[in-house]
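Student:
Residue numbers (my numbering): 381 to 497.
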């Protein structure tokens with residue numbers, strides 16, 4: 381085997397090793413991304429719940445429309461996995477905020493989260 385052939389063989393083995401490591405790590409990369417998205421969505425759900433509580437403290441009722449909560453930019457909040465707006469239900473004395481995702485990240489009902497901490 382010539383020197384050039386050895387170098388080509390070593391580079392091929394090195395590349396194959398790198399590809400193998402990447403293929404083994406890929407599921408963990410996807411899982412980490414999914415975890416980050418879930419955490420971010422739940423943070424947004426909590427943020428909306430806090431806005432509901434502040435609104436109730438000022439007006440003595442919960443709001444059914446995100447647009448009527450403060451700050452106005454809350455209506456721009458979307459689930460990071462699908463960019464759909466959060467679903468808010470309220471009868472003025474209680475509220476329910478739901479993640480709109482196909483694989484929902486959870487909900488908040490009157491300040492109580494649906495997921496385990």
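Here a beta-carbon is modelled for each residue, glycine too, at the ideal position from N, C-alpha and C.
1) Among residues of its own chain, excluding the 5 on either side of residue 487, which ones have a beta-carbon nearer than 8 Å to its beta-carbon?
2) Per DSSP, residue 468 is paired with what?
3) Tell me which same chain residues have a C-beta within less than 6 Å of the C-beta of residue 462, skipping the five on either side of it?
4) Quick check on residue 430: does DSSP put it in helix, strand or coil?
5) Take residue 458 as the anchor and find which of 451, 434, 467 has the nearest alpha-carbon.
Tutor: With the given structure in hand:
1) 425, 476, 477, 478, 479, 493, 494
2) 477
3) 481
4) Residue state, collapsed to three classes: helix.
5) 467
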